[in-house]
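Asker: In the numbering used here, the protein residues as written are 135 to 342.
Ideal Cβ positions, reconstructed from N, Cα and C, are used throughout, including at glycine.
(1) In this structure, how does DSSP classify residue 342 when only helix, strand and coil are distinguished?
(2) From residue 342 to residue 241, what does the alpha carbon distance come to, in whole angstroms?
(3) Give the C-beta separation of residue 137 and residue 331 to the nearest angstrom, bearing in mind that I take them to be a contact with Cβ-Cβ under 8 angstroms.
(4) Three or more beta-carbon pairs under 8 angstroms between the region 312-325 and the region 211-221, yes or no?
(5) Just curious, the beta strand (DSSP E) that residue 137 is in, first and last residue?
(6) Of all the beta strand (DSSP E) runs that stay within the bounds of the region 177-265, which reach a length of 3 or more residues?
(7) Which residues bound the alpha helix (DSSP H) around residue 274?
(8) Nearest CA to the CA of residue 231: which residue from 143, 307, 274 and 149?
(9) Any chance the region 193-203 sits against the region 263-270, with 3 or more Cβ pairs inside 8 angstroms?
(10) Cutting at 6 angstroms between CB atoms, please list the residues of its own chain near residue 316, excluding the five before and the five after it.
(11) Within 8 angstroms, do at least three Cβ pairs link the region 157-168 to the region 241-260?
(12) Do residue 284 and residue 252 count as a contact pair if the criterion is CB distance below 8 angstroms?
(13) Quick one: Cα of residue 310 to Cα of residue 277, how far?
(14) So, residue 209 versus residue 302, is the Cβ gap smaller than 8 angstroms?
(15) Can you round the beta-carbon distance between residue 271 and residue 141 to whole angstroms, since I take them to be within the 8 angstroms contact cut?
Written out as structure tokens, the structure reads:
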């Protein structure tokens, strides 16, 4: 039986390896009922704004899923925000580079030479992104060399009033493929798949 693994699951698995998280907690995170936090809801809504982008509004405010995103004070530092063509946005992919596994992911923007991912965050922490499996997995899946994070820095979530998110700063981080990266991704995917098989053999998964 093939295991279907999302790209986001790789970072959850890495956290499990680096912390005192139990297998039961990891299993719940990967296969349990998913309840998005308020911050996740805001991030999803912002992704929709960028996916469905129709151009700048008169007041630089954008309504999506009950959130208002205010870009009136956004400082881009003369960096262009790359949204790609409509057909380059939000494309789903399945990669079968590891036996018995469908690695699945959705790429925000994919141009001929770069993969782009949007992030909405109250804290710009480059190390968090450098250490992520996300960019390495997508570069492996799409056989590309460059990945760019577009990070939209907003005010802290707990300070948001009336569902209005003020986005103040825009940052970019470029990641590049390196020797041995694909093997690292394949090994990580295989390790997680083996753990899922163990859970399945123990009848610890309520999935088909």
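Answerer: Let me lay it out:
(1) Interpretation of residue 342 is limited by its pLDDT of 46, a score under 50 that renders its predicted location unreliable; no figure is taken from the coordinates.
(2) Residue confidence is low: residue 342 scores 46 on pLDDT, short of 50, so the model does not pin down where it sits. No coordinate-derived value is stated.
(3) Right, their Cβ atoms sit about 7 angstroms apart.
(4) Between the region 312-325 and the region 211-221, the count of Cβ pairs shorter than 8 angstroms is below three; the stretches do not touch.
(5) Its beta strand (DSSP E) spans residues 137-140.
(6) Fully enclosed beta strand (DSSP E) runs of 3 or longer: 195-198, 201-204, 223-229, 235-244 and 249-255.
(7) Residues 268-276.
(8) The residue with the shortest Cα to Cα distance from residue 231 is 274.
(9) With a cut-off of 8 angstroms, the region 263-270 and the region 193-203 do not count as touching, because too few Cβ pairs lie within range.
(10) Excluding five sequence positions before and after residue 316, the CB atoms of its chain that fall closer than 6 angstroms to its own CB belong to 274, given in chain order.
(11) Between the region 241-260 and the region 157-168, the count of C-beta pairs closer than 8 angstroms stays below three; the two stretches do not touch.
(12) Yes.
(13) Approximately 11 angstroms, taken between the alpha carbons.
(14) Yes, the Cβ-Cβ distance between residue 209 and residue 302 is below 8 angstroms.
(15) Confirmed, about 5 angstroms.
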